[in-house]
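Novice: Just passing along the structure, written as structure tokens.
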Amino acid sequence: FLFGPVIEPYITKNCMIPKDPVEMCREAWSNEIDILIGGNSEEGLFCLNGIKENPSIMSNLKDFEYLVPLELDLVRTSQSCKQVGKQMKKFYYGETEPSFENREGYLTLMTDKLFLHGLHRTILSRLNSKKPSKTFLYRFSVDSDTYNHYRIVFCDKDVRGTAHADDLSYIFKNVFNDPPAKDTFEHRAMVNMVGLFSTFASKNGNPNGEETNEWESIATPTGPFKCLNINNDGLQFIEYPEQERMQFWDSLYSKDKLY
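As numbered in my numbering, residues 75 to 333 make up the sequence shown, in order.
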């Protein structure tokens, strides 16, 4: 049997989920704590193995109704669900049909559906809470032939991009490889990641220091958000490149379900 978290019907001192997590986030004590939050630019690459082993997944997507978020409470066979699915299909594929050959659209969709939009909704929830604290957004996009270990081992060593969990190799010591040479962009990325996180922790919620002095927290929920982009070239404080995609996903939700 598979078990997952559920909304508990009885409120006791041991109850952990008394109501919908979206509602809980509005009142979370963590809203009063400064945080760093971010994701990797190609999180959805972790889905690549699934469609490599079963390419028919791509041809069976049809109108994308089975990719519509369950949170929208739409019956899969309903016209409403199919309409939302068609919106998603058009956004990621335009007038073309999904196939293994043009899988990038599907992998980008999974990046957004499974990772980035949830991150985005968390930011919206914090910014709209009664006592919002600082939220610093980063985007990890370091693309290495040798040091993006999750992509190399679990996705495909020949594809490019920054997959889910690739950032961990730049924060923690691991068994996959020796530390990169000091004159490489991989080493610089490692120094930046460790420095940003440790500076944030040691300076009471301020990530600015030796690595950068331009990282600002997100000031307003109306956007566009700005993020610290961490890539092969170093650090840049820029408008969030995925903002348009996040706005598309926002449009699928009513406000009470969004955050």
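Positions of the beta carbon are idealized from the N, C-alpha and C atoms, including for glycine.
(1) Determine which residues share a DSSP beta bridge with T209 and list them.
(2) If we call anything under 8 angstroms between Cβ atoms a contact, is G269 one with K277?
(3) Restricting to Cα atoms, I'd like to know which of V233, G159 and G279 is closest to L144.
(4) Within the same chain, show all residues whose beta-carbon is closer than 7 angstroms to that of Y29, passing over the 5 residues directly before and after it, in chain order.
(5) Does the segment 124 to 131 come within contact of the segment 97 to 116, defined as at least 3 CB pairs closer than 8 angstroms?
(6) Measuring alpha carbon to alpha carbon, tell me which of A102, T86 and I91 ends up nearest G78.
(7) Hey, out of V96, D232, V249 and R213, whose CA is closest to D219's CA?
(8) Give the DSSP-derived three-state secondary structure of L76 in the structure shown.
(9) Alpha carbon to alpha carbon, how far is V80 from E97?
(10) Near T209, which residues of its chain fall below 8 angstroms by C-beta distance, leaving aside the five closest residues on each side in sequence?
(11) What residue does the beta strand (DSSP E) around L309 start on, and which one ends it?
(12) Helix, strand or coil for S104? Go by DSSP, reduced to three states.
(13) Which residues in the same chain as Y221 place their Cβ atom closer than 7 angstroms to its Cβ, once the five residues preceding and following it in sequence are excluded?
(14) Rounded to a whole number of angstroms, what is the C-alpha to C-alpha distance between S328 and E169?
(15) Rounded to whole angstroms, what is the Cα-Cα separation between A239 and E117?
(16) Straight-line CA distance for T151 to L135?
(17) Give every residue of the same chain whose Cβ lies closer than 6 angstroms to the Cβ of E285, excluding the five residues on either side of it in the sequence, and list them in chain order.
(18) Per DSSP, Y332 forms a beta bridge with which residues?
(19) Just to confirm before moving on: does the CB-CB distance between L190 and L326 stay below 8 angstroms?
(20) What residue does the alpha helix (DSSP H) around I125 start on, and which one ends it?
(21) Determine the direct distance from the alpha carbon of Y333 to that of P295, and round the result to whole angstroms.
(22) Can you tell me whether DSSP reads L135 as helix, strand or coil?
(23) Which one or two residues does DSSP pair with I91 in a beta bridge?
Specialist: So, to answer that:
(1) I109
(2) no
(3) G159
(4) Residue 29 lies beyond the stretch modelled for the chain, which goes from 75 to 333, so this question has no answer here.
(5) no
(6) I91
(7) D232
(8) coil
(9) 14 angstroms
(10) D108, I109, I111, I197, R200, L201, S291 and I292
(11) G308 to E313
(12) helix
(13) S243, N251, P254 and E260
(14) 27 angstroms
(15) 8 angstroms
(16) 14 angstroms
(17) N266, G269 and L270
(18) In the sequence as displayed, the identity of residue 332 is Leu instead of Tyr. Paired residues: none, contrary to the question.
(19) no
(20) L122 to E127
(21) 11 angstroms
(22) coil
(23) In the DSSP output, where bridge partners are listed per residue, I91 has none listed.
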